[in-house]
């Protein structure tokens, strides 16, 4: 699958929520892509940290939204979180 994921795109998990008319639950906003990982902005995170999700979780990209093939609970359970040690080096 050829996926064009860009900075500032919304990321939505499977679900019934809606943001700006887009179905699914808002998970975060793309900071950028690092290899096979999508780095989410820390400004859009409840804990103030960057989180990383695999590009493999992307089901589709539509306009300015990345749609994931997983529900929000499983995304938040399985994403990789930036730890405090990493933050002191940025």
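In this note's numbering, the protein residues as written are 14 to 103.
Every residue, glycine too, gets a C-beta built ideally from N, C-alpha and C.
This structure is a prediction, so every number in the text was calculated from the model and none was measured.
Straight-line CA distance for residue 76 to residue 67? 20 Å
For the candidate residues 73, 38 and 16, whose alpha-carbon lies nearest to that of residue 26? 38
Backbone secondary structure at residue 44 - three-state DSSP: strand
Apply the 10 Å Cβ neighbour rule to residue 59 and answer buried if 16 or more other Cβ atoms are within range, or exposed otherwise. exposed
For residue 70 and residue 61, I'd like the C-alpha separation in whole angstroms. 22 Å
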